[in-house]
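Chemist: Just so you know, the protein sequences line up as chains A and B, in that order.
Quick note on the working numbering: the first sequence kicks off at 1124 and runs consecutively.
Quick note on the working numbering: the second sequence kicks off at 10 and runs consecutively.
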Amino acid sequence: MTASTPALARRAGFSHDLVSVARRALRLSIRDKEAIIPGLMVPLFFLIVNIGSLQTFVEGNLPPGFDFKGFQLPVSLIFAVTGISRAGSLVIDIQDGYLDRLLLTPVNRATLLLGCMVADFAVVAVLAIPVLILGLAIGISFETGIVGMLVFIALAVSWGLAFTGFPYAIALKTGNPIAVNNAFLLFFPFAFLTTAYVPQEQMTGWLATAADYNPVTYLLAGMRSLILEGWNSSALGQAFLASAIVGAISFTLAFTALRGRVHQK
Amino acid sequence: MLNFEKTHRKTADSLGSMTPAITAQNLVRSFGDNVAVNGVNLSINKGEIYGFLGPNGAGKSTTVRMLTTLLNPTSGTASVAGFDVVNDTENVRLRIGVALQDAALDLKQTGREILDMQGRLYGLTAANRQQRIEHLLELVNIGSAIDDLVSTYSGGMKRRLDLAASLVHQPEVLFLDEPTTGLDPVSRAAVWAEVRKLNEDMGMTIFLTTQYLEEADELAHRVGIIAKGRIVAEGTPTDLKRSIGADVIIAKVSESDAVRAATALQSVSGLDHVEVKGESIVIGVTNGGAALSPIAVALSTAGITVNELTMRTPTLDDVFLETTGTRMQQEDAQ
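(1) Using a cut-off of 8 angstroms between C-beta atoms, extract the partners of Ser1143 of chain A located in chain B.
(2) At what residues does the alpha helix (DSSP H) containing Val262 of chain B begin and finish?
(3) What's the gap between the Cα of Ser63 of chain B and the Cα of Val241 of chain B?
(4) Give a yes or no on whether the minimum CB-CB distance between Lys117 of chain B and chain A is below 8 angstroms.
(5) Taking any Cβ of chain B, which residues in the region 1203-1216 of chain A have a Cβ under 9 angstroms from it, in chain order?
(6) So with CB distances below 9 angstroms, who are the chain B contacts of Asp1219 of chain A?
(7) I think Leu1131 of chain A touches Leu133 of chain B, with their Cβ atoms under 8 angstroms apart; what is that distance to the nearest whole Å?
(8) To the nearest angstrom, how far is the alpha carbon of Gly1383 of chain A from that of Ala1210 of chain A?
(9) Can you name the residues of chain A whose CB is closer than 8 angstroms to the CB of Ala174 of chain B?
(10) Residues of chain A with CB under 7 angstroms from Arg102 of chain B, in chain order?
(11) Pro323 of chain B: buried (16+ other C-beta within 10 angstroms of its C-beta) or exposed?
(12) Please list the partners that Glu99 of chain B has in chain A, where partner means a Cβ-to-Cβ separation under 9 angstroms.
(13) Is it buried or exposed for Ala273 of chain B, if we count other Cβ within 10 angstroms and need 16 for buried?
(14) Extract the residue ranges of the beta strand (DSSP E) inside the region 157-235 of chain B, only unbroken runs of 3 or more that lie entirely within it.
(15) By the three-class DSSP mapping on this structure, what secondary structure does Ala1135 of chain A have?
(16) Could you have a look at Lys286 of chain B and say whether DSSP puts it in helix, strand or coil?
(17) Give me the residue from A:Ile1368, A:Val1249 and A:Ala1260 with the minimum Cα distance to Ser1276 of chain A.
(18) Of all the CB atoms in chain B, is at least one closer than 8 angstroms to the CB of Ile1153 of chain A?
(19) Work out the CA separation of Ala271 of chain B and Ala1294 of chain A for me, nearest whole Å.
(20) Does the beta-carbon distance from Ala1098 of chain A to Gln1361 of chain A come in below 8 angstroms?
(21) Please state if the CB of Ile313 of chain B and the CB of Val291 of chain B are separated by a distance shorter than 8 angstroms.
(22) Since Asp1140 of chain A meets chain B, which of its residues come closer than 7 angstroms, beta carbon to beta carbon?
(23) Would you report the Cα separation of Thr71 of chain B and Thr1297 of chain A, rounded to the nearest angstrom?
(24) What residues of chain A sit near Val107 of chain B, judged by a beta carbon separation below 9 angstroms?
(25) Distance check for Ala1292 of chain A and Phe1378 of chain A, CA to CA, integer angstroms please.
(26) In this structure, does DSSP put Ile1217 of chain A in helix, strand or coil?
(27) Quick check on Leu1131 of chain A - is its C-beta less than 8 angstroms from some C-beta in chain B?
(28) Report the three-state DSSP secondary structure of Ile1207 of chain A (helix, strand or coil).
(29) Based on DSSP bridge pairs, tell me the residues matched to Ile105 of chain B.
(30) Taking the straight line between their C-alpha atoms, what separation do you get for Phe1189 of chain A and Arg1224 of chain A?
(31) Between the alpha carbons of Gly1353 of chain A and Val1280 of chain A, how many angstroms are there, rounded?
(32) Roughly how many whole angstroms lie between the Cα atoms of Ala30 of chain B and Glu57 of chain B?
(33) Output the distance between the C-alpha atoms of Leu36 of chain B and Ala173 of chain B, rounded to the nearest integer angstrom.
(34) In whole angstroms, what separates the C-alpha of Arg1232 of chain A from that of Gly164 of chain B?
(35) Classify Ala30 of chain B as helix, strand or coil using the three-state DSSP reduction.
(36) Just checking, does the region 194-213 of chain B make contact with the region 300-308 of chain B on the three C-beta pairs under 8 angstroms criterion?
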């Protein structure tokens, strides 16, 4: 027997760990096309169908000049980017024991989640582009021009990222793929108790009250302002703030669940 | 509990080091009312292969999870490579490699990507990662399939890749949790050869859990036998088996005669111990050849019909029977 060979291991550091985990998550996102393509097809479908079925009716009941296509594009984009996450893959890592293999290394625990979110950020940004292109193709124009389009995508991406905390929290808390798949149901109140189909001033009763407290109302208002109004710093500020508040809540839940999962309990 | 302190010291001396690589003092882990590990004490020297032998549910994997920082003990302390497994987890993680009971792999990555990811998380440079992966390809022995998705691998290939993943960073201490469970004989022999090689060539300390008696017997310098969360015997395989006697004679009688047969055998001199197990009377003796006749005569004199009388050398299962009253593997009772 020879003397023990010196170990090669050392702590890689936060940024290296983040890059390593994100690289893997991005690679797997590219391989998981079947998880992304439906997420793209559904909003494109709804954009076409909603415009085809509701445009005449809504525009007919509103003052002349109301652009229903421009009004609907943000809704489709939000549908496209909401719920896109690696949470399902994280559950598989838990079930297959691969998360344990990662936890046996000195990897920074927070990067296990943040790395996935980096991949989510990239995927959501890529998903936003075809929806935007379709919008432009059907005649929607932006009052704020190309810069407005970039801000439009940034708002959608900020929301998509803010929402990912919920499926991650469910994945880490339950380790159950069905629970993660059902996380999209969380989006229903956000998506439908809001100004998805009619302007806020047309809403009445409890729905109007619910919409007042729904962050998606402010997100949609900010995004619509870029298409229909021009630069409106108040609307944009409220839109980013709405994403930030939802993100703060969902990330707190996700990182609390991560702590519970990796804690050696 | 059987303990062979003398043997332990001899083993440690022969390994050239007295520094413990793994220690545990009164390690306990409960899950609600279920006490999975109940006061385990360990002192495993650097460069030693320690076999942790026990049946399913004995507490082997829970002990491994505590020693590898995946699980906190309910009480007690443990250190690995000189670092506390609760308070100094990062230093422990840098020094250990672990292959858990089920191959912990990402099926959607290739073998090479998994090894590279491991290298990255252990802070290896690009050159080191490349070198280590090339080296480990010999162990994995799956040729060009290393660049295929793990989902296409056979069970044996996955286990070998899992073992390779645990070795990327050249750990000081390697934990193998039932590394050959479910493997075919050829793959099992390959894993055994690799374990020996790692220990002999690199001086790697290896903590190996197994439910296979022959695996512990073949590989381990020392064996700890665990049952119901407690270590019930510890020592070299040879000394553990010697504690039973040099030979084991098994007399098969009808179950109704078993107790009477054991009583009848009390008159035979030179028997180390007699155990009744169903219709089998298990007799430990120093000289089996000389004892066979007196045993047959004593049973015949007592009017007991002997259906079968066999002699063999003791196994670790006999040690398990001696210390727990039950067998790990029923077929070994035959």
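Cβ coordinates follow ideal geometry from the N, Cα and C atoms, glycine included.
The structure presented is a predicted model; accordingly, all values stated were derived computationally and were not measured.
Modeler: Quick answer:
(1) Met126, Arg129 and Leu130
(2) Note, Val262 of chain B: premise wrong, no alpha helix (DSSP H); not H, not E.
(3) According to the sequence provided, residue 63 of chain B is Gly. The question's Ser does not apply to it. When rounded, the distance between both Cα atoms is 10 angstroms.
(4) yes
(5) Ser1212, Ile1215 and Asp1216
(6) Asp111, Ala112, Ala113, Leu114, Asp115 and Leu116
(7) 6 angstroms
(8) 16 angstroms
(9) Arg1224
(10) Leu1227, Thr1228 and Pro1229
(11) buried
(12) Arg1134 and Pro1229
(13) buried
(14) 182-186 and 214-219
(15) coil
(16) strand
(17) Strictly speaking, residue 1276 of chain A in this sequence is Ile, with Ser absent from that position. The option with the nearest alpha carbon to Ile1276 of chain A is A:Val1249.
(18) no
(19) 59 angstroms
(20) Because chain A spans 1124 through 1388 in this model, residue 1098 of chain A falls outside it and cannot be assessed.
(21) no
(22) Leu130
(23) 21 angstroms
(24) Asp1223, Arg1224 and Leu1227
(25) 7 angstroms
(26) helix
(27) yes
(28) coil
(29) B:Val182
(30) 56 angstroms
(31) 20 angstroms
(32) 9 angstroms
(33) 29 angstroms
(34) 29 angstroms
(35) strand
(36) no
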